[in-house]
Every structure is written in C-alpha cells, then in structure tokens.
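Here's the structure we're looking at; comments come further down.
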Amino acid sequence: MKERLQKIQEDAMRQINEAVNLSVLNDVRVAFLGKKGELTAVLKGMKDVAPEDRPKVGQFVNEARKQIEEALESTKEKLEKAALDKKLKEEVIDVTLPAKRNKIGHRHPNTLVLDEVERIFTGMGYEVVEGPELEYDYYNFEALNIPANHPAKDEQDTFYIDDKILLRTQTSPVQVRVMEKQKPPIRMIAPGRVFRADEVDATHSPSFHQIEGMVIDKNVTFSDLKGTLTMFVQQMFGKDTKVKFRPHHFPFTEPSAEMDISCFKCGGKGCRFCKGEGWIEILGCGMVHPRVLRMSGIDPEEYQGFAFGVGLERISLLKYEIDDMRLLYENDERFLKQF
Ligand code: DAH
Numbered sequence: 001m002k003e004r005l006q007k008i009q010e011d012a013m014r015q016i017n018e019a020v021n022l023s024v025l026n027d028v029r030v031a032f033l034g035k036k037g038e039l040t041a042v043l044k045g046m047k048d049v050a051p052e053d054r055p056k057v058g059q060f061v062n063e064a065r066k067q068i069e070e071a072l073e074s075t076k077e078k079l080e081k082a083a084l085d086k087k088l089k090e091e092v093i094d095v096t097l098p099a100k101r102n103k104i105g106h107r108h109p110n111t112l113v114l115d116e117v118e119r120i121f122t123g124m125g126y127e128v129v130e131g132p133e134l135e136y137d138y139y140n141f142e143a144l145n146i147p148a149n150h151p152a153k154d155e156q157d158t159f160y161i162d163d164k165i166l167l168r169t170q171t172s173p174v175q176v177r178v179m180e181k182q183k184p185p186i187r188m189i190a191p192g193r194v195f196r197a198d199e200v201d202a203t204h205s206p207s208f209h210q211i212e213g214m215v216i217d218k219n220v221t222f223s224d225l226k227g228t229l230t231m232f233v234q235q236m237f238g239k240d241t242k243v244k245f246r247p248h249h250f251p252f253t254e255p256s257a258e259m260d261i262s263c264f265k266c267g268g269k270g271c272r273f274c275k276g277e278g279w280i281e282i283l284g285c286g287m288v289h290p291r292v293l294r295m296s297g298i299d300p301e302e303y304q305g306f307a308f309g310v311g312l313e314r315i316s317l318l319k320y321e322i323d324d325m326r327l328l329y330e331n332d333e334r335f336l337k338q339f
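Just so we're aligned, residue 1 is where the sequence shown starts under my numbering, counting upward by one.
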C-alpha cells in the first residue's frame with residue numbers, strides 16, 4: 001500500500017512539473033485528486049484495509065494529498081505568472097517610435113493658381129462669377145461679334161450639341177451674360193472649364209480652363225487695362241515682372257492685344273525656359289468692342305471697358321515649371337503630392 005501511494009505521488013509530482021500550461025495542470029489535478037482520481041480511489045479502498053492499519057494508511061494518504069496539493073498550487077502560481085509575463089511582453093508599446101502619419105490630400109496646382117488669381121482680383125474689388133459650360137451659340141460667338149463664317153466656329157474647333165447649343169470654347173460668353181443682367185460699374189472675373197476639339201498632347205487638351213476678366217465703367221481706358229494686368233502678373237510671378245503688349249486681333253475687343261511677361265526664370269535675358277526669347281506669352285486682352293457693349297444693352301457712348309482671357313493651365317505650367325499639360329489631368333499621386 002505504501003509503495004502504491006509513493007508511486008502515485010511520484011507520478012503526480014512528475015506530471016505537475018511537466019505541465020506546460022494551466023489547462024494541462026488542471027487535467028493533472030483531476031487525474032489524481034478528482035472524484036475518479038487515483039488518490040481518491042485509494043481512499044475509497046480504505047474499507048479493505050485492516051482496521052489496525054487504517055490510521056497509518058490514512059496518514060500516508062493525507063500526506064500524499066497535501067504534497068500534491070502544494071505542488072499543484074505553487075506550479076499554478078508559476079504558470080499564471082509566466083502567462084501574464086508573456087502577455088505583457090507581447091502587448092508592449094514602444095512609445096519612442098515615431099507616430100504613423102495619416103496621408104492627407106494635396107491641392108491641385110490648378111486650384112492653387114485659381115485661388116491666387118481670385119485672391120488678387122477680389123482684392124481689387126472684382127466679383128467672381130460663373131457661367132454655363134453648355135452654352136448657346138449666341139453667347140459663345142454671335143454676341144461676341146464673332147461672325148458666322150469665322151474659323152473658330154468650324155466643327156473642327158467646336159463641339160456642337162445642335163445648331164444652337166455647344167460646349168463653350170471660351171469663358172468670354174460670361175461677359176455677355178453679366179452685361180445683360182448688371183448695370184455698370186462692373187468688375188468681374190469668370191473662371192471655368194472650356195472645350196475645344198483638340199488632340200491631347202503636351203500643350204493641348206479637349207477640355208481646359210480659362211479665367212475671363214472684365215471691367216465696364218465710365219472713362220475706362222487702355223491704361224487701366226495695362227495697370228490692372230501689370231499688377232496681376234507682378235503679384236502672380238514676382239514684383240520685377242515686366243509686361244509687353246503686342247497688337248493682336250480678337251473680334252470682341254478693339255483694340256486687341258496679347259500680353260507677354262518678362263521671363264521670371266532669366267529675368268528677360270533669354271533661357272531654355274523662355275526658348276531664348278526673354279518673354280513669355282500669357283494672355284489676350286483688349287477694350288470691349290462697342291458692338292459687343294451695344295448688343296448686351298450697354299451704351300458705348302456712356303461706358304467703356306476692358307476684358308482679358310487667360311488660360312489657367314498656362315499659368316500653372318509656368319508657375320510650377322511643369323513641362324507637360326497631361327500631368328495636370330492624370331491625377332498621379334507622385335505628381336500631385338509635390339504641391
Ligand atoms: N477668349 C479668348 C480666347 O479664348 C481670350 C480672350 C482674349 C478673352 C481677349 C478676352 C479678351 O476677354 O479681351 O482665346
């Protein structure tokens with residue numbers, strides 16, 4: 001009997017030592033001390049032990065039980081501590097690591113330029129207005145003194161919806177819409193999308209943006225146009241920017257001009273950026289044609305005005321030295337995140 005108990009105790013101790021986690025340890029407890037456990041079985045067998053031996057055997061059993069219980073308890077504590085240590089180690093947070101940066105969007109170069117243009121002109125008292133992209137032939141051409149046989153009206157240049165409606169090829173029709181509704185003095189800019197039947201390449205796109213500008217008041221002269229546009233480009237490209245006006249033709253202005261700015265890369269000496277010219281063409285402008293004023297209900301004897309139209313992409317490409325217009329439309333993150 002004593003040997004049997006010793007064997008049970010040794011087995012229990014070995015298994016307790018070998019237990020790798022709490023659940024295995026619990027299995028060991030059940031196997032020895034549980035209702036059907038080995039030690040319990042011995043206790044149940046006491047009735048077969050001779051009465052005089054019972055106290056001794058009982059003492060052995062109790063001792064074995066005590067030892068097993070103690071071993072179970074201390075191993076349980078050990079395993080619990082190990083489990084906790086492991087968990088703490090796994091969940092450790094290194095507070096010295098740099099924080100993860102959230103990706104945030106970037107504003108498109110066209111948006112940056114448009115905001116700047118609007119800031120400059122609203123600062124001079126201009127109103128920002130919009131007109132429809134789907135436009136009547138009347139506003140896009142006729143009311144701007146562009147005759148029926150004008151080459152710009154060719155289907156090769158203009159997307160026609162039907163014979164009266166088209167996708168506007170310029171923002172100039174907004175001039176007419178404003179003059180029809182508003183009494184002078186008028187000071188407005190009209191940014192927006194325009195459309196032309198062009199093939200895509202580094203400098204062309206079937207859809208791009210223009211910013212139209214117009215001032216109508218009493219005693220407005222070409223000097224006002226020059227002063228205003230000089231102020232505009234000096235704020236946009238730097239205060240040393242010089243301007244040059246070349247005579248040009250637009251049906252809706254008389255006289256008309258194209259304005260060049262001195263190259264802001266070389267200051268006018270001539271470089272690769274300005275193709276050795278020292279000057280860069282930037283916009284079209286002129287004094288609003290009396291016919292255009294009259295057609296829109298404004299008396300050209302009483303009021304005069306100037307107007308200009310500038311390509312938004314043209315400014316973006318120049319200002320940020322982008323050499324291919326397609327980059328502005330492709331939404332490549334590697335490009336956009338530079339702004
Ligand atoms: N609409 C012209 C174009 O698309 C640009 C332009 C030139 C607008 C002269 C004007 C202007 O208002 O006065 O080429």
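Glycine is no exception: its CB is placed at the ideal position from the N, C-alpha and C atoms. As the structure is a prediction and not an experimental result, all values here were calculated from the model.
With DSSP run on the structure shown, which of helix, strand or coil describes residue i?
i: Thr203; result: coil
i: Arg314; result: helix
i: Thr75; result: helix
i: Gly268; result: coil
i: Pro51; result: coil
i: Lys239; result: coil
i: Met1; result: coil
Kindly identify the DSSP beta-bridge partner or partners of residue i.
i: Asp217; result: Gln304
i: Arg246; result: Glu258
i: Tyr253; result: Here residue 253 is Thr; the residue named in the question, Tyr, does not match the sequence. Paired residues: Phe250 and Val288.
i: Glu212; result: Ala190 and Gly309
Taking 7 Å as the cut-off, is the C-beta of residue i nearer than that to any heavy atom in the ligand DAH?
i: Ala307; result: yes
i: Gln210; result: yes
i: Gly192; result: no
i: Thr341; result: A question about residue 341 goes unanswered here, because the residues of the chain that appear run from 1 up to 339.
i: Ser207; result: no
i: Gly284; result: yes
i: Phe250; result: yes
i: Gln338; result: no
Q. At a cut of 8 Å, does the segment 294-312 reach the segment 205-214 through at least three beta carbon pairs?
A. yes
Q: Enumerate, from N- to C-terminal direction, the unbroken alpha helix (DSSP H) stretches of 4 or more residues contained entirely within the segment 17-46.
A: 22-33 and 38-44
Q. Could you give the uninterrupted runs of the alpha helix (DSSP H) lying entirely in the segment 91-168, keeping only those of 4 residues or more?
A. 109-123 and 137-140
Q: For the segment 107-123 and the segment 169-185, state whether three or more C-beta atom pairs, one from each stretch, are separated by less than 8 Å.
A: no
Q) What residue ranges within the segment 271-339 form continuous alpha helix (DSSP H) runs of no fewer than 4 residues, ordered along the chain? A) 290-295, 312-319 and 333-336
Q) What are the uninterrupted segments assigned as alpha helix (DSSP H) that are 4 or more residues long and contained completely in the segment 170-200, given in chain order? A) 173-181
Q.
Tell me whether the segment 119-137 and the segment 87-96 touch, counting them as touching only if at least three CB pairs, one residue from each stretch, are closer than 8 Å.
A. no
(Q) Within 8 Å, do at least three Cβ pairs link the segment 177-187 to the segment 150-157? (A) no
Q: Flag this pair as touching only if the segment 19-38 and the segment 76-84 have three or more C-beta atom pairs under 8 Å; answer yes or no.
A: yes
**Q.** Inter-stretch contact at 8 Å, needing at least 3 Cβ pairs: the segment 38-47 / the segment 5-18
**A.** yes
Q. On the three-pair Cβ rule with 8 Å, is the segment 180-198 touching the segment 255-271?
A. no
(Q) Whether or not the segment 199-207 and the segment 245-252 are in contact is what I'm after, with contact meaning three or more pairs of Cβ atoms, one per stretch, closer than 8 Å; do they touch? (A) no
Q. Okay, do the segment 277-289 and the segment 254-266 touch, 3+ Cβ pairs below 8 Å being the bar?
A. yes
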